[in-house]
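In the UniProt record's numbering, the protein residues as written are 1 to 612. For glycine and all other residues, C-beta sits at the position ideal for the given N, C-alpha and C. Since this is a predicted model, take the numbers as computed values, not measurements. Only one structure is covered here, and it is reproduced in the block below.
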Amino acid sequence: MEEKKLDINSLIGFLLIGGILLWMLYMNPSAPEVVEEPANDEVVVTPDAQEEVPQYDAVQETDSAAVARAAARLGAFGYSATLPSASENTTSVENDVLALNFSNKGGYLSEARMKNYKTFDSIPVYLIKDDNASFNLSFSTVDGRVLNTKDLYFEPTVTKNGDNTIVSMKLKVSPEEFLEYRYVLKPGEYMIDFTVRSQGLNDVLNSSAPIVLDWKLKGYRHAKSITYENRYTKLVYEYDGGNDDEVNDGEDEEKDISYVAYKQHFFTSILLTDTPFETGTFEAENLVEDEEVDTLYTKAFASTMPLQLNGGELNYNMNWYYGPSDYKILNDYDRNLDEIMPLGWGIFGWINRYLFIPFFAFITNYMGYGIAIIVMTIAIKLVLSPVQYKQYLSQAKMKVLRPEINELNEKYKDNPMKKQQETMKLYSKAGASPMSGCLPALMQLPVFYALFMFFPSAFQLRQKGFLWADDLSSYDKIAELPFYIPFYGDHVSLFPILASIAIFIYMMMTTGQTMQNTQQPGMPNMKFIMYLSPLFMLIFFNNYASGLSLYYLTSNLITIGIMLVIKNFIIDEDKIHAQIQENKKKPKKQGKFARKMQEMMEQAEQQKKGKK
């Protein structure tokens, strides 16, 4: 799998976590009649059923002269315009999770509704409705006509094969010659089998001209914060036998396409094919110009792929997926659809897939989702506690050495190079180093960032409440503002405020006593970071998932508690000081790296003296 690119919003969150860690390093109408289908899975309409289709003259529905003109314009496919199905009627079918309408005109879905889900304002979730989507095949005929299936009328037939419902939409040249869209809807499935095939059209279709598949969709808004929802709405496609890429805004092109997904944060529309498309052109356009406006759509997607004739006929086995962006559901299809989920690249995605997602799914079987987040946070803290202990021990050693370091700073304040040399000697003799706390903090970084990607992608949190938050996948608004603040929004969320306070208290407890009054060369301004990180958390997370803020709040409260326990009951600073003094008396063998660094500094000092 190709590694995911780090988008700008993830980068901002990554920098926020990095800033915190840096501080830690330093202190519808009726359908046709349904007939049972034989077990051989062939679509058959019995003669009796065929007779039940209303046999009315085309003049009843439209002017006969108009029908004749349409038939002449369409050439061989003009036969379809003379059938009773040449109307705007739809065919409705459904299973336990999906309700679908197929339009006679174009033969494609005119409506797709999620039966078990509602939007933030209690409206049913529609992925397709009111012409927000289109599916079209553009092809040429041997007599020089260029036709589009979206403008032509298909004849619908609904049959049954056991529990499966089959919808056949046929664009006919004659009763035995047609282009067919065949849909198979299975019980409880979001995945629909989809076949595009032709019969008897080898003398009708122009084999030298390309047949182009064109699929468009404008994503409906489903969540409270359209800005937050849009951040995770993107076009994702798989190519070249397993690589994947995404388009957030703009165009892209690739070869050997095996699926195209229009991901709308918590719901996804996917077209999959058994026979890869030779090429594909993809486009995503952001439709949200002003987040203060009650916008209907998030992004507009478009994909164009060519189809190949085989012996003068079309035959493609494909699938449609209309359903939740749920990792478990997508992963169970075993077609790499889990790559649609923004779980993070590299080790971050690995941690989410094999640790956090299974563990969170397990604990939510026994408790509510808010409590599960707290339990998960406690478990993560327990696992990381040995690493954090090393970090705290390093901080304690540096605190004990602070008076001696201050003396060196004062003694060599006019000679930075000498001050650095003497400071390194002190660290070496005492067996302490400011970098000794670096590795434990870096080891925690993949966990922090993986969780940063996990919570916004956790479908299970959608519309699950906890305390005052009515939806852990969205912000927890406690007050509405009469105006809009850039980057902050028009509301106040409580969990980010509490998380920011907890971070600030923790920073004060760990750095307040040792905060440097003046900035040392080459060192970050720790006082600035101490105030910036909580402020960043407060602003940036105001529109984020409240479940993520709940995690950071719980994590920092636990960290404060662990720090107090270690400080008061585990680490004895007097013993650490005595141990350091013993270490300073022992001969200390310099490592190659330390020796090389000292030689380089001494050479630099000699060069500086020579210039003077």
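Open item on the list: Just to confirm, is the Cβ distance from LEU205 to GLY312 under 9 angstroms?
Closed with: yes
Open item on the list: Does the segment 148-168 come into contact with the segment 265-285, if we say contact requires no fewer than three beta-carbon pairs (one atom in each stretch) closer than 8 angstroms?
Closed with: no
Task: Option nearest TYR506 by Cα separation, candidates PRO496, LEU557, VAL492 - done: LEU557
Task: First through last residue of the alpha helix (DSSP H) which encompasses GLN389 - done: According to the sequence displayed, residue 389 carries Tyr and not Gln. 369-411 is the span of the alpha helix (DSSP H), which, as asked, contains TYR389.
Task: Nearest-angstrom Cα separation, counted from PRO386 out to VAL93 - done: 57 angstroms
Task: Bridge partner(s) assigned by DSSP for GLU177 - done: SER174
TODO: Just confirm the distance between the C-beta atoms of PHE452 and LEU548, as a whole number of angstroms; I'd bet it's less than 8 angstroms.
DONE: 7 angstroms
Task: For PRO324, three-class secondary structure by DSSP - done: strand
Task: Buried versus exposed call for PRO54 [16 or more other C-beta atoms within 10 Å across all chains shown] - done: Any reading at PRO54 must be qualified, since the residue scores a pLDDT of 34, below 50, and its modelled position is unreliable; the value itself is stated next. Flag for PRO54 reads exposed.
- [ ] Please classify LEU467: does DSSP put it in a helix, a strand, or coil?
- [x] coil
Open item on the list: Helix, strand or coil for ASN543? Go by DSSP, reduced to three states.
Closed with: helix
TODO: Under 8 angstroms by Cβ, that's how I've got VAL212 and SER138 pegged, so tell me the actual separation to the nearest angstrom.
DONE: 5 angstroms
Task: Neighbourhood of TYR551 by C-beta distance below 7 angstroms, restricted to the same chain and skipping five residues each side - done: ILE373, THR377, LEU451, PHE455
- [ ] For the alpha helix (DSSP H) containing ALA361, list its first residue and its last residue.
- [x] 357-363
Task: As assigned by DSSP and simplified to three states, the class of ARG113 - done: strand
TODO: Report the rounded CA-to-CA distance for GLN444 versus THR559, giving the unit in angstroms.
DONE: 13 angstroms
- [ ] Enumerate in chain order the residues of its own chain whose CB-to-CB distance from GLY241 is below 7 angstroms, with the five nearest sequence positions on each side excluded.
- [x] ASP256
TODO: Excluding the 5 residues preceding and the 5 following ALA361 in the sequence, name in chain order all residues of the same chain whose CB lies nearer than 6 angstroms to its CB.
DONE: none
- [ ] Would you kindly work out how many angstroms separate the C-alpha atoms of ALA133 and LEU217, rounded to a whole number?
- [x] 4 angstroms
- [ ] Taking only runs that begin and end inside the segment 247-295, name each unbroken beta strand (DSSP E) of 3 or more residues, in chain order.
- [x] 250-264, 267-286
Open item on the list: Using C-beta distances below 8 angstroms, list every residue in its chain close to MET367, excluding the 5 sequence neighbours before and after it, in chain order.
Closed with: VAL375
Task: Among ASP163, ASN336, GLU422, nearest to LEU408 - alpha-carbon criterion - done: GLU422
TODO: Answer yes if the segment 270-282 comes into contact with the segment 158-173, meaning at least three C-beta pairs across the two stretches below 8 angstroms, and no otherwise.
DONE: no
- [ ] Within 10 angstroms of the Cβ of PHE77, are there 16 or more other Cβ atoms? Answer buried if so, exposed if not.
- [x] buried
Open item on the list: With H, G and I counted as helix, E and B as strand and the rest as coil, what does DSSP make of TRP345?
Closed with: coil
Task: Helix, strand or coil at VAL97 according to DSSP, with G and I counted as helix - done: coil
TODO: Would you tell me roughly how many angstroms separate the C-alpha atoms of PRO29 and ILE123, rounded to the nearest one?
DONE: Unreliable placement is indicated for PRO29, whose pLDDT of 41 sits below 50; the coordinate value is still reported in the next sentence. Taking the straight line joining both Cα atoms gives about 21 angstroms.
Open item on the list: According to DSSP, simplified to helix, strand and coil, what is PRO32?
Closed with: For PRO32, the predicted model reports a pLDDT of 43, less than 50, meaning its position is unreliable and no value from the coordinates is stated.
Open item on the list: Assuming residue 632 and GLY280 are in contact, meaning their beta carbons sit under 8 angstroms apart, how far apart are those beta carbons, in whole angstroms?
Closed with: As displayed, the chain neither begins before 1 nor continues past 612, which places residue 632 out of reach and without an answer.
Open item on the list: With a threshold of 9 angstroms between beta carbons, is GLU177 in contact with chain D?
Closed with: Here there is only one protein chain, and chain D is not present.
- [ ] Would you mind reading off the limits of the beta strand (DSSP E) that contains TYR484?
- [x] 477-485
Task: DSSP three-state assignment for ASP57, whether helix, strand or coil - done: The predicted model places ASP57 with a pLDDT of 36, which falls under 50 and marks its position as unreliable, so this point remains unresolved.
- [ ] Determine the direct distance from the alpha carbon of VAL167 to that of ARG335, and round the result to whole angstroms.
- [x] 24 angstroms
Task: Range covered by the alpha helix (DSSP H) that runs through ILE226 - done: 226-231
Open item on the list: Please return the same chain residues whose Cβ sits closer than 6 angstroms to the Cβ of TYR392, not counting the five positions on each side in sequence.
Closed with: ILE566
TODO: Can you give me the Cβ contacts of THR364 inside the same chain, cut-off strictly under 7 angstroms, excluding the 5 residues immediately before and after it?
DONE: ALA372, GLN460
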